[in-house]
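*Asks:* Below you'll find the structure I mean.
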Amino acid sequence: MAIPITVLDCDLLLYGRGHRTLDRFKLDDMTDDYLMSMYGFPRQFIYYLVELLGASLSRPTQRSRAISPETQILAALGFYTSGSFQTRMGDAIGISQASMSRCVANVTEALVERASQIIRFPADEASIQALKDEFYGLAGMPGVIGVVDCIHVAIKAPNAEDLSYVNRKGLHSLNCLMVCDIRGALMTVETNWPGSLQDYAVLQQSSLSSQFEAGMHKDSWLLGDSSFFLRAWLMTPLHIHETPAEYRYNVAHSATHSVIEKTFRTLCSRFRCLDGSKGALQYSPEKSSHIILACCVLHNISLEHGMDIWSSPMTGPMEQPPEEEYEHMESLDLEADRIRQELIFTHFS
């Protein structure tokens with residue numbers, strides 16, 4: 001006689017259908033030190049996330065409706081900051097690994113829904129001028145409103161035939177384009193680009209490039225390293241400096257560009273799911289892209305709550321595919337070259 005096989009929800013076995021919310025974990029009973037060690041954030045920050053995301057995480061259509069928003073957020077933070085679905089972490093809040101996975105999906109979706117509100121360029125002239133003043137105060141580079149760069153995040157191979165995600169090191173990854181301000185707050189994040197695309201190609205195809213080419217933020221520019229093409233709105237370093245003024249320009253450029261390098265180190269240190277230390281993200285490119293974006297949203301929220309990148313514990317940057325020099329980039333845009341030379345003559349001579 002055949003025995004029917006039924007797939008049961010682990011939490012349903014433990015708690016039954018009658019429980020709308022499962023109070024398995026009392027946040028008030030935990031110390032900040034414990035919360036920081038397990039979930040990477042203090043109590044008040046977690047309470048803020050509960051207030052921000054609670055309505056989205058209580059949707060009646062979600063399978064995890066029996067799990068409180070608080071518990072879902074803790075499960076997601078545990079994964080983002082550790083990079084793994086550890087059994088002890090699920091045990092600490094009283095849920096199975098399967099439920100941990102669903103919680104991560106729910107919280108990720110809720111954070112991604114809010115990305116456009118939390119990651120954005122300022123729109124008013126006063127805020128734009130403030131960006132310029134802050135960057136100028138850092139290293140004397142005028143007109144800068146943001147620093148741009150790309151970072152690779154390892155993902156599992158989508159399938160054997162798809163080579164578009166294989167980067168120059170032969171690893172599967174997403175190449176993520178980001179722009180930050182002087183505090184390390186992210187103003188643009190595009191996390192969906194396949195790892196085979198080089199940095200300059202990602203920028204060329206990005207919505208960020210389209211916006212600046214269309215004339216957004218005139219008389220301002222971004223700073224990018226030598227892996228990008230020089231543009232009228234994107235200042236890159238000189239490959240070879242021939243005068244003292246050009247040398248000073250390169251020094252100021254490097255000091256200013258270091259802000260995003262420190263931002264990347266902070267992201268990978270705070271969100272270990274991104275740094276590859278626990279292996280690649282074991283999701284499809286689309287889901288992996290959303291997880292990266294969710295971490296970026298949390299990064300900005302944490303800055304707003306006083307957890308700035310300068311005080312964060314930082315490891316070295318995650319290992320990136322080696323950059324290439326693109327010497328031919330210098331002469332592709334004569335107008336951009338003229339603007340850079342004028343900038344050097346006016347401000348660094």
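Per full-length UniProt numbering, the very first residue in the sequence shown carries number 1; after that it's consecutive.
Beta carbons are placed, not taken as given, at the ideal position from N, Cα and C, and that holds for glycine.
#1: What residues in its chain sit with their C-beta under 6 Å from that of Ser56, if we drop five residues either side in the sequence?
#2: Can you tell which of Pro285, Phe264 and Ala214 has its C-alpha closest to the C-alpha of Ala232?
#3: Measuring alpha carbon to alpha carbon, tell me which of Cys150, Glu161, Ile339 and Asn300 ends up nearest Ile118.
#4: To the nearest angstrom, report how far apart Gly140 and Gly146 are at their CA atoms.
#5: Taking the beta carbon of Glu324 as the centre, do at least 16 other beta carbons fall within 10 Å, making it buried, or is it exposed?
#6: Give me, in chain order, the residues of the same chain whose beta-carbon lies closer than 6 Å to that of Leu74; leave out the 5 immediate sequence neighbours on both sides.
#7: Can you tell me the Cα-Cα spacing of Leu274 and Val189, whole angstroms?
#8: Distance, Cα to Cα, Met314 vs Leu53?
#9: I think Cys180 touches Thr263, with their Cβ atoms under 8 Å apart; what is that distance to the nearest whole Å?
#10: Could you check if His290 is buried or exposed, using at least 16 other CB atoms within 10 Å of its CB as the buried criterion?
#11: When we look at the beta-carbon of Val249 and count the other beta-carbons within 10 Å, is it buried (16 or more) or exposed?
#12: Which runs of the beta strand (DSSP E) at least 3 residues long sit entirely within the UniProt domain "DDE Tnp4" (148 to 300)? Give them in chain order.
#13: Report the CB separation of Leu230 from Arg120 in whole angstroms; it is logged as a contact under 8 Å.
#14: Could you tell me the alpha carbon to alpha carbon distance between Cys103 and Cys295, rounded to whole angstroms?
#15: Work out the CA separation of Gly143 and Asp133 for me, nearest whole Å.
#16: Suppose contacts are defined by Cβ-Cβ distances below 7 Å. Is Glu246 in contact with Leu238 by that definition?
#17: Please report the straight-line C-alpha distance between Pro158 and Asn192, rounded to a whole angstrom.
#18: Go to Gly54, then tell me how far its alpha helix (DSSP H) extends in each direction, as first and last residue.
#19: Distance, Cα to Cα, Gln129 vs Phe135?
#20: Is it right to say Met216 is buried, meaning 16 or more other beta carbons lie within 10 angstroms of its own, or is it exposed?
#21: Exposed or buried, which one is Gly184 when buried takes at least 16 other CB atoms within 10 Å?
#22: Are the Cβ atoms of Glu70 and Leu27 separated by less than 7 Å?
#23: Pop quiz: Ala280 and Lys156 are said to be a contact at Cβ under 8 Å. What is the actual Cβ separation, rounded to whole angstroms?
#24: Determine the direct distance from the alpha carbon of Ala115 to that of Leu186, and round the result to whole angstroms.
#25: Taking just the CA atoms, how far does Ala154 sit from Tyr80?
#26: Taking all protein chains shown into account, decide if Arg338 is buried (16 or more other Cβ within 10 angstroms of its Cβ) or exposed.
#27: For Leu293 versus Val112, is the C-beta distance shorter than 7 Å?
#28: For Ile46, which residues from the same chain have a beta carbon less than 8 Å from its beta carbon, with the 5 sequence-adjacent residues on both sides left out?
#29: At 4 residues or longer, what runs of the alpha helix (DSSP H) sit wholly inside the stretch 76 to 139?
#30: For Asp199, which of Ser277, Ser96 and Ser173 has the nearest alpha-carbon?
#31: For the alpha helix (DSSP H) containing Ser349, list its first residue and its last residue.
#32: For Met30 and Phe41, what's the separation of their Cα atoms in angstroms?
*Replies:* So, to answer that:
#1: Cβ within range, chain order: Ala110.
#2: With distances taken between Cα atoms, Ala232 lies closest to Ala214.
#3: Looking at Cys150, Glu161, Ile339 and Asn300, the one whose alpha-carbon comes closest to that of Ile118 is Asn300.
#4: Distance between the alpha carbons of Gly140 and Gly146: 14 Å.
#5: Low local confidence applies: a pLDDT of 46 at Glu324 is under 50, so the model's placement there is unreliable, with the coordinate-based value given in what follows. An exposed status is given to Glu324, since fewer than 16 other beta-carbon atoms sit within 10 Å of its beta-carbon.
#6: Closer than 6 Å at Cβ, skipping near neighbours: Tyr39 and Ile93.
#7: Cα to Cα, Leu274 sits roughly 15 Å from Val189.
#8: In this prediction, Met314 scores a pLDDT of 47, lower than 50, which makes its location untrustworthy; the coordinate-derived value is nonetheless stated afterwards. Taking the straight line from one Cα to the other gives about 28 Å.
#9: Yes, they are in contact, since the Cβ atoms of Cys180 and Thr263 sit about 5 Å apart, within 8 Å.
#10: Taking a 10 Å sphere around the C-beta of His290, we find 16 or more other C-beta atoms and assign the residue as buried.
#11: The sequence shown places Tyr at residue 249, not Val. Around the Cβ of Tyr249, a 10 Å sphere holds 16 or more other Cβ atoms; the residue is buried.
#12: Entirely contained in the UniProt domain "DDE Tnp4" (148 to 300), the beta strand (DSSP E) runs reaching 3 residues are, in chain order, 173 to 180, 186 to 194 and 221 to 223.
#13: Rounded, the Cβ-Cβ distance is 26 Å, inconsistent with contact.
#14: Per the coordinates, the alpha-carbon of Cys103 lies some 15 Å from the alpha-carbon of Cys295.
#15: Using only the alpha carbons, I get a separation of about 8 Å.
#16: For Glu246 and Leu238, yes; Cβs fall inside 7 Å.
#17: Spanning the alpha carbons of Pro158 and Asn192 requires a straight line of approximately 13 Å.
#18: Going by DSSP, Gly54 is part of the alpha helix (DSSP H) stretching over Arg43 to Leu57.
#19: Between the C-alpha atoms of Gln129 and Phe135 there is a straight-line separation of about 10 Å.
#20: Exposed, since its Cβ has fewer than 16 Cβ neighbours within 10 Å.
#21: With 16 or more neighbouring CB atoms inside 10 Å of its own CB, Gly184 falls in the buried class.
#22: For the pair Glu70 and Leu27, the CB atoms are nearer than the 7 Å cut-off.
#23: About 5 Å separates the beta carbons of Ala280 and Lys156, which is inside the 8 Å limit, making them a contact pair.
#24: Distance between the alpha carbons of Leu186 and Ala115 is about 11 Å.
#25: So the alpha carbons of these two residues sit roughly 14 Å apart.
#26: Arg338 comes out exposed.
#27: In this structure, Leu293 sits near Val112, with a CB-CB distance shorter than 7 Å.
#28: Shown here for Ile46: same chain residues with a beta carbon closer than 8 Å to its own, the five before and five after excluded, namely Leu27, Leu35, Tyr39, Glu70, Ile73, Leu74 and Leu77 in chain order.
#29: Fully enclosed alpha helix (DSSP H) runs of 4 or longer: 87 to 93, 97 to 113, 115 to 118 and 125 to 139.
#30: Of the listed residues, the one whose Cα sits closest to Asp199 is Ser173.
#31: It is not in any alpha helix (DSSP H) - Ser349 carries neither H nor E in the DSSP assignment.
#32: In this structure, the alpha-carbon of Met30 lies about 12 Å from that of Phe41.
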